[in-house]
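Data first, discussion second: the structure below is written as C-alpha coordinates.
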Amino acid sequence: MPGSRIVALGHSQPDRVLTNADVSRLVDTSDEWITSRVGIRTRRIAEPGQTVDEFAAAAAAKALAGAGIAAVEVDLVLVATSTAGAASPNTAARVAARLGMAAPATIDVNVVCSGFTHALALADQAIRCGQAATALVIGADFMSSVTDWTDRTTAVLVGDGAGAAVVTAADRPGISPVLWGSVPEQGRAVVIEGSPNRFSQQGQAVFRWTTTALPAVARQVCERAGVTPEELAGVVFHQANLRIIEPLAAKLGAVNAVVAKDVVDSGNTSAASIPIALAKLVERREIPAGAPVLLFAFGGNLSYAGQVIDCP
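Numbering (my numbering), first residue to last: 446 to 757.
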(Lines of atoms letter the chains of each structure in order from A and count residues from 1; the text may use other names and numbers.)
(Lines give C-alpha, C1' and ligand atoms only; values in the text may rest on other atoms or scores of the structure.)
Protein backbone atom coordinates (compact mmCIF):
# COMPACT_ATOMS: atom_id res chain seq x y z
CA MET A 1 0.00 0.00 0.00
CA PRO A 2 1.28 3.51 -0.81
CA GLY A 3 0.50 4.82 2.66
CA SER A 4 -2.02 5.34 5.43
CA ARG A 5 -3.92 8.22 6.96
CA ILE A 6 -5.92 9.11 10.05
CA VAL A 7 -9.57 9.39 9.04
CA ALA A 8 -11.21 10.14 12.40
CA LEU A 9 -10.47 10.77 16.06
CA GLY A 10 -12.24 10.40 19.39
CA HIS A 11 -11.52 11.05 23.04
CA SER A 12 -12.98 10.14 26.42
CA GLN A 13 -12.20 11.63 29.84
CA PRO A 14 -13.66 11.15 33.32
CA ASP A 15 -16.37 13.54 34.51
CA ARG A 16 -14.59 14.31 37.77
CA VAL A 17 -12.61 17.56 37.61
CA LEU A 18 -9.77 18.14 40.07
CA THR A 19 -8.85 21.81 40.34
CA ASN A 20 -5.63 23.28 41.68
CA ALA A 21 -7.57 24.25 44.79
CA ASP A 22 -8.53 20.60 45.24
CA VAL A 23 -4.91 19.50 44.85
CA SER A 24 -3.78 22.11 47.38
CA ARG A 25 -5.96 20.35 49.96
CA LEU A 26 -3.99 17.14 49.37
CA VAL A 27 -0.43 18.50 49.30
CA ASP A 28 1.38 21.68 50.27
CA THR A 29 0.87 23.76 47.12
CA SER A 30 -1.30 26.51 45.65
CA ASP A 31 -2.95 27.50 42.40
CA GLU A 32 -0.28 30.16 41.87
CA TRP A 33 2.57 27.65 42.42
CA ILE A 34 1.06 25.09 40.02
CA THR A 35 0.18 27.49 37.22
CA SER A 36 3.53 29.27 37.37
CA ARG A 37 5.55 26.06 37.20
CA VAL A 38 3.54 23.69 35.01
CA GLY A 39 0.64 25.75 33.62
CA ILE A 40 -2.06 23.27 34.67
CA ARG A 41 -5.37 24.53 36.07
CA THR A 42 -7.57 21.41 36.08
CA ARG A 43 -7.29 17.70 35.39
CA ARG A 44 -9.78 14.83 34.95
CA ILE A 45 -9.54 11.96 37.44
CA ALA A 46 -11.20 8.55 37.17
CA GLU A 47 -13.60 7.33 39.84
CA PRO A 48 -13.03 4.04 41.72
CA GLY A 49 -14.21 1.15 39.56
CA GLN A 50 -13.60 2.90 36.24
CA THR A 51 -11.00 1.22 34.04
CA VAL A 52 -8.49 2.18 31.37
CA ASP A 53 -10.05 -0.16 28.80
CA GLU A 54 -13.50 1.37 29.46
CA PHE A 55 -12.28 4.81 28.41
CA ALA A 56 -10.14 3.41 25.60
CA ALA A 57 -13.20 1.69 24.15
CA ALA A 58 -15.32 4.84 24.51
CA ALA A 59 -12.73 6.92 22.65
CA ALA A 60 -12.43 4.23 19.97
CA ALA A 61 -16.21 4.04 19.52
CA LYS A 62 -16.34 7.80 18.91
CA ALA A 63 -13.53 7.60 16.38
CA LEU A 64 -15.19 4.70 14.54
CA ALA A 65 -18.50 6.57 14.44
CA GLY A 66 -16.74 9.62 13.01
CA ALA A 67 -15.11 7.48 10.34
CA GLY A 68 -18.32 5.64 9.50
CA ILE A 69 -16.51 2.33 10.01
CA ALA A 70 -17.96 -0.65 11.87
CA ALA A 71 -15.94 -2.26 14.64
CA VAL A 72 -15.96 -5.61 12.81
CA GLU A 73 -13.96 -4.00 9.98
CA VAL A 74 -10.98 -3.30 12.26
CA ASP A 75 -8.18 -5.84 11.87
CA LEU A 76 -5.55 -4.26 14.14
CA VAL A 77 -5.92 -2.68 17.59
CA LEU A 78 -2.92 -0.99 19.17
CA VAL A 79 -3.29 0.48 22.66
CA ALA A 80 -0.51 2.61 24.11
CA THR A 81 -0.66 2.45 27.90
CA SER A 82 1.59 2.05 30.93
CA THR A 83 -1.25 1.88 33.47
CA ALA A 84 -3.29 -1.05 32.16
CA GLY A 85 -3.87 -2.59 35.59
CA ALA A 86 -3.84 -6.16 34.22
CA ALA A 87 -1.41 -8.13 32.07
CA SER A 88 -3.89 -10.46 30.41
CA PRO A 89 -6.19 -10.03 28.62
CA ASN A 90 -4.29 -6.96 27.54
CA THR A 91 -6.03 -3.63 27.10
CA ALA A 92 -6.30 -3.97 23.32
CA ALA A 93 -8.07 -7.31 23.69
CA ARG A 94 -10.44 -5.85 26.26
CA VAL A 95 -11.27 -2.99 23.89
CA ALA A 96 -11.92 -5.45 21.06
CA ALA A 97 -14.27 -7.44 23.28
CA ARG A 98 -16.12 -4.32 24.45
CA LEU A 99 -16.69 -3.18 20.85
CA GLY A 100 -17.61 -6.61 19.44
CA MET A 101 -14.79 -6.84 16.93
CA ALA A 102 -14.37 -9.91 14.72
CA ALA A 103 -10.76 -11.17 14.83
CA PRO A 104 -8.32 -8.28 15.13
CA ALA A 105 -4.69 -8.47 16.17
CA THR A 106 -4.62 -6.91 19.65
CA ILE A 107 -1.37 -5.39 20.89
CA ASP A 108 -0.49 -3.20 23.86
CA VAL A 109 2.45 -0.80 23.44
CA ASN A 110 4.24 0.50 26.54
CA VAL A 111 6.51 3.41 25.73
CA VAL A 112 4.89 5.53 28.44
CA CYS A 113 4.35 9.15 27.30
CA SER A 114 5.46 8.55 23.71
CA GLY A 115 3.36 5.41 23.35
CA PHE A 116 0.73 6.85 21.01
CA THR A 117 3.17 8.11 18.37
CA HIS A 118 5.06 4.80 18.54
CA ALA A 119 1.79 2.90 18.10
CA LEU A 120 0.72 5.16 15.22
CA ALA A 121 4.00 4.40 13.45
CA LEU A 122 3.46 0.66 13.91
CA ALA A 123 -0.06 0.91 12.48
CA ASP A 124 1.21 2.92 9.51
CA GLN A 125 3.92 0.34 8.84
CA ALA A 126 1.48 -2.58 9.16
CA ILE A 127 -0.85 -0.99 6.60
CA ARG A 128 1.98 -0.06 4.25
CA CYS A 129 3.21 -3.66 4.12
CA GLY A 130 -0.28 -5.11 3.69
CA GLN A 131 -0.64 -6.70 7.14
CA ALA A 132 -3.65 -4.57 8.09
CA ALA A 133 -6.29 -2.53 6.29
CA THR A 134 -8.03 -0.70 9.14
CA ALA A 135 -6.36 0.00 12.48
CA LEU A 136 -7.44 1.53 15.75
CA VAL A 137 -4.62 3.37 17.52
CA ILE A 138 -5.44 4.33 21.10
CA GLY A 139 -3.56 6.13 23.84
CA ALA A 140 -5.08 5.49 27.27
CA ASP A 141 -3.71 6.06 30.76
CA PHE A 142 -4.95 6.54 34.30
CA MET A 143 -1.97 8.36 35.77
CA SER A 144 -3.94 8.92 38.97
CA SER A 145 -3.65 5.17 39.63
CA VAL A 146 0.16 5.36 39.89
CA THR A 147 0.41 8.71 41.69
CA ASP A 148 1.43 9.29 45.29
CA TRP A 149 -1.06 12.01 46.22
CA THR A 150 1.22 13.19 49.04
CA ASP A 151 4.06 13.97 46.58
CA ARG A 152 3.77 17.57 45.40
CA THR A 153 6.18 17.06 42.49
CA THR A 154 3.89 14.56 40.75
CA ALA A 155 0.41 15.08 42.23
CA VAL A 156 0.07 18.47 40.54
CA LEU A 157 0.74 17.01 37.09
CA VAL A 158 -1.42 14.02 36.36
CA GLY A 159 -4.74 13.34 34.67
CA ASP A 160 -6.67 10.41 33.20
CA GLY A 161 -8.28 9.71 29.84
CA ALA A 162 -8.05 8.15 26.40
CA GLY A 163 -7.81 9.24 22.79
CA ALA A 164 -8.18 7.17 19.63
CA ALA A 165 -7.49 7.38 15.91
CA VAL A 166 -8.86 5.30 13.03
CA VAL A 167 -6.11 4.65 10.48
CA THR A 168 -6.80 3.29 6.98
CA ALA A 169 -4.92 2.71 3.75
CA ALA A 170 -4.52 5.75 1.51
CA ASP A 171 -3.54 6.41 -2.11
CA ARG A 172 -0.87 8.78 -0.87
CA PRO A 173 0.82 8.88 2.54
CA GLY A 174 -1.04 10.92 5.16
CA ILE A 175 1.35 9.84 7.92
CA SER A 176 5.04 10.56 7.43
CA PRO A 177 7.82 8.10 8.30
CA VAL A 178 8.43 8.11 12.04
CA LEU A 179 11.55 9.44 13.70
CA TRP A 180 11.97 7.64 16.99
CA GLY A 181 14.64 6.85 19.55
CA SER A 182 15.63 6.95 23.20
CA VAL A 183 18.37 7.77 25.70
CA PRO A 184 18.77 4.43 27.52
CA GLU A 185 21.45 5.60 29.95
CA GLN A 186 19.02 8.21 31.30
CA GLY A 187 15.97 5.98 31.24
CA ARG A 188 15.48 6.18 35.00
CA ALA A 189 14.77 9.91 34.84
CA VAL A 190 11.09 8.90 34.64
CA VAL A 191 9.89 5.69 36.29
CA ILE A 192 6.69 3.88 37.20
CA GLU A 193 7.66 1.09 39.52
CA GLY A 194 7.24 -0.43 42.97
CA SER A 195 4.51 -2.28 44.81
CA PRO A 196 2.15 -0.65 44.21
CA ASN A 197 3.52 1.07 41.11
CA ARG A 198 4.26 4.75 41.63
CA PHE A 199 5.24 7.49 39.17
CA SER A 200 8.34 9.56 39.92
CA GLN A 201 10.70 11.65 37.84
CA GLN A 202 13.84 13.76 37.94
CA GLY A 203 12.04 16.92 36.92
CA GLN A 204 15.01 19.14 36.18
CA ALA A 205 16.75 16.47 34.11
CA VAL A 206 13.61 15.92 32.04
CA PHE A 207 13.11 19.67 31.56
CA ARG A 208 16.71 20.17 30.37
CA TRP A 209 16.48 17.23 27.95
CA THR A 210 13.19 18.28 26.42
CA THR A 211 14.03 21.95 26.01
CA THR A 212 17.63 21.58 24.80
CA ALA A 213 17.96 18.25 22.94
CA LEU A 214 14.49 17.83 21.45
CA PRO A 215 13.90 20.97 19.34
CA ALA A 216 16.47 19.70 16.83
CA VAL A 217 14.83 16.27 16.81
CA ALA A 218 11.41 17.83 16.15
CA ARG A 219 12.91 19.72 13.20
CA GLN A 220 14.30 16.43 11.88
CA VAL A 221 10.78 14.97 11.99
CA CYS A 222 9.65 17.83 9.73
CA GLU A 223 12.60 17.28 7.39
CA ARG A 224 11.76 13.59 7.10
CA ALA A 225 8.17 14.56 6.21
CA GLY A 226 9.32 17.08 3.61
CA VAL A 227 7.83 20.15 5.32
CA THR A 228 9.31 23.15 7.06
CA PRO A 229 8.22 24.21 10.55
CA GLU A 230 6.73 27.35 8.98
CA GLU A 231 4.43 25.18 6.83
CA LEU A 232 2.89 23.38 9.81
CA ALA A 233 -0.73 24.23 10.55
CA GLY A 234 -0.67 22.51 13.92
CA VAL A 235 1.77 21.20 16.52
CA VAL A 236 0.76 18.65 19.14
CA PHE A 237 3.53 17.90 21.61
CA HIS A 238 3.11 15.47 24.48
CA GLN A 239 1.12 17.46 27.01
CA ALA A 240 3.64 17.13 29.83
CA ASN A 241 3.95 20.65 31.13
CA LEU A 242 3.11 24.03 29.59
CA ARG A 243 6.58 25.28 30.55
CA ILE A 244 8.03 22.57 28.30
CA ILE A 245 5.54 22.94 25.44
CA GLU A 246 6.01 26.71 25.04
CA PRO A 247 9.83 26.78 24.68
CA LEU A 248 9.75 23.70 22.42
CA ALA A 249 7.27 25.42 20.10
CA ALA A 250 9.31 28.63 20.08
CA LYS A 251 12.59 26.83 19.30
CA LEU A 252 10.94 24.74 16.58
CA GLY A 253 9.85 27.91 14.77
CA ALA A 254 6.34 26.77 13.82
CA VAL A 255 5.20 30.37 13.64
CA ASN A 256 1.99 29.68 11.69
CA ALA A 257 0.84 26.67 13.66
CA VAL A 258 -1.85 26.20 16.28
CA VAL A 259 -0.01 24.76 19.28
CA ALA A 260 -2.04 22.36 21.41
CA LYS A 261 -2.16 23.34 25.09
CA ASP A 262 -4.70 20.86 26.41
CA VAL A 263 -2.42 20.23 29.39
CA VAL A 264 -3.95 23.35 30.97
CA ASP A 265 -7.33 21.61 31.26
CA SER A 266 -6.43 17.91 31.26
CA GLY A 267 -3.06 17.63 33.00
CA ASN A 268 -0.46 15.09 31.90
CA THR A 269 -2.33 12.00 30.66
CA SER A 270 0.81 10.24 29.41
CA ALA A 271 0.12 8.19 26.23
CA ALA A 272 -3.39 9.66 25.99
CA SER A 273 -2.24 13.27 25.82
CA ILE A 274 -1.52 13.63 22.08
CA PRO A 275 -4.69 11.92 20.78
CA ILE A 276 -6.89 13.78 23.28
CA ALA A 277 -5.35 17.14 22.36
CA LEU A 278 -5.48 16.41 18.63
CA ALA A 279 -9.09 15.21 18.80
CA LYS A 280 -10.13 18.43 20.53
CA LEU A 281 -8.36 20.63 17.97
CA VAL A 282 -10.09 18.78 15.13
CA GLU A 283 -13.44 18.82 16.94
CA ARG A 284 -13.19 22.61 17.29
CA ARG A 285 -12.05 22.88 13.63
CA GLU A 286 -8.98 24.85 14.60
CA ILE A 287 -6.90 23.12 11.90
CA PRO A 288 -8.07 22.71 8.27
CA ALA A 289 -8.59 19.17 6.98
CA GLY A 290 -5.56 17.97 5.06
CA ALA A 291 -3.19 20.50 6.61
CA PRO A 292 0.14 19.24 8.03
CA VAL A 293 0.28 18.66 11.78
CA LEU A 294 3.36 17.65 13.76
CA LEU A 295 2.83 15.03 16.45
CA PHE A 296 5.85 14.72 18.74
CA ALA A 297 5.96 12.82 22.02
CA PHE A 298 8.66 12.33 24.61
CA GLY A 299 9.07 11.19 28.20
CA GLY A 300 9.29 7.85 29.99
CA ASN A 301 12.38 5.77 29.10
CA LEU A 302 13.59 9.16 27.81
CA SER A 303 12.07 8.00 24.54
CA TYR A 304 10.69 10.09 21.72
CA ALA A 305 8.72 9.55 18.51
CA GLY A 306 7.19 11.91 16.01
CA GLN A 307 5.59 12.17 12.60
CA VAL A 308 3.74 14.71 10.48
CA ILE A 309 0.16 13.80 9.61
CA ASP A 310 -2.50 15.21 7.33
CA CYS A 311 -5.18 16.59 9.63
CA PRO A 312 -8.36 14.49 9.33
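By construction, the Cβ of each residue, glycine as well, lies at the ideal position given by its N, Cα and C atoms.
Which two residues bound the contiguous beta strand (DSSP E) that contains residue i?
i: residue 523; result: 521-525
i: residue 478; result: Unbroken run through residue 478 is the alpha helix (DSSP H), 476-482; no beta strand (DSSP E).
i: residue 638; result: 635-638
i: residue 748; result: 748-755
i: residue 553; result: 550-554
i: residue 673; result: First-last for residue 673: undefined, no H or E at that position.
i: residue 486; result: Here residue 486 belongs to no beta strand (DSSP E), and DSSP marks it neither H nor E.
Near residue i, what residues of its chain come up, given a Cβ to Cβ distance below 8 Å and the 5 sequence neighbours on each side ignored?
i: residue 687; result: 483, 484, 485, 706, 708, 709
i: residue 700; result: 674, 675
Tell me residue i's beta-bridge partners as DSSP assigns them.
i: residue 587; result: 605
i: residue 652; result: Beta-bridge pairing links residue 652 to no other residue.
i: residue 459; result: Residue 459 pairs with nothing; no bridge assigned.
i: residue 528; result: The partner list for residue 528 (beta bridge, DSSP) is empty, contrary to what the question assumes.
i: residue 703; result: 679
i: residue 739; result: 680, 753
i: residue 715; result: Answer is none; residue 715 lacks a bridge partner.
i: residue 611; result: 453, 581
i: residue 592; result: For residue 592, which the question treats as bridged, DSSP gives no partner whatsoever.
i: residue 744; result: 748
What are the boundary residues of the alpha helix (DSSP H) that includes residue i?
i: residue 497; result: 497-512
i: residue 563; result: 560-573
i: residue 471; result: Careful: residue 471 lies outside any alpha helix (DSSP H) and carries neither H nor E.
i: residue 628; result: It is not in any alpha helix (DSSP H) - residue 628 carries neither H nor E in the DSSP assignment.
i: residue 618; result: Looking at the DSSP string, residue 618 is not in any alpha helix (DSSP H), and its letter there is neither H nor E.
i: residue 663; result: 659-670
i: residue 720; result: 718-728
i: residue 692; result: 687-697
i: residue 599; result: 597-600
i: residue 645; result: Careful: residue 645 lies outside any alpha helix (DSSP H), inside the beta strand (DSSP E) at 643-646.
i: residue 543; result: 536-544
For residue i, which residues in the same chain have their Cβ closer than 6 Å to its Cβ, ignoring the five residues on either side in sequence?
i: residue 507; result: 455
i: residue 590; result: 528
i: residue 704; result: 680, 694
i: residue 463; result: 488, 490
i: residue 568; result: 523, 580, 582, 612
i: residue 650; result: 634
Could you pull out every residue in the same chain whose Cβ sits closer than 7 Å to the Cβ of residue i, ignoring the five residues on either side in sequence?
i: residue 411; result: Residue 411 falls outside the range modelled here, since the chain spans only 446 to 757, and no answer is possible.
i: residue 571; result: 521, 577, 580
i: residue 732; result: 678, 679, 703, 726, 738, 756
i: residue 672; result: 737, 753
i: residue 532; result: none
i: residue 661; result: none
i: residue 474; result: 468, 597, 601
i: residue 505; result: 455, 540, 544, 581, 583, 609
With a cut-off of 8 Å on the beta carbons, I'd call residue i and residue j a contact; round off their distance for me.
i: residue 656; j: residue 692; result: 5 Å
i: residue 557; j: residue 745; result: 3 Å
i: residue 741; j: residue 682; result: 5 Å
i: residue 472; j: residue 479; result: About 10 Å; that fails the 8 Å criterion.
i: residue 566; j: residue 750; result: 6 Å
i: residue 618; j: residue 448; result: 3 Å
i: residue 747; j: residue 627; result: 6 Å
Can we count residue i as close to the ligand FAD, meaning its CB is less than 7 Å from some heavy atom?
i: residue 732; result: No copy of the ligand FAD occurs in the structure displayed, which carries no ligand at all.
Counting Cβ pairs closer than 8 Å, one from the region 570-581 and one from the region 519-536, do we hit at least three?
Flag = yes, the region 570-581 and the region 519-536 touch.
Contact between the region 720-732 and the region 537-548 is defined here as three or more beta-carbon pairs at a separation below 8 Å; is this criterion met?
Cβ pair count under 8 Å is below three, so no.
Flag this pair as touching only if the region 608-624 and the region 545-565 have three or more C-beta atom pairs under 8 Å; answer yes or no.
Yes, since at least three Cβ pairs between the region 608-624 and the region 545-565 fall closer than 8 Å, the two stretches touch.
Would the region 605-616 count as touching the region 457-474 if we require 3 or more Cβ pairs under 8 Å?
Contact holds: three or more Cβ-Cβ distances are below 8 Å.
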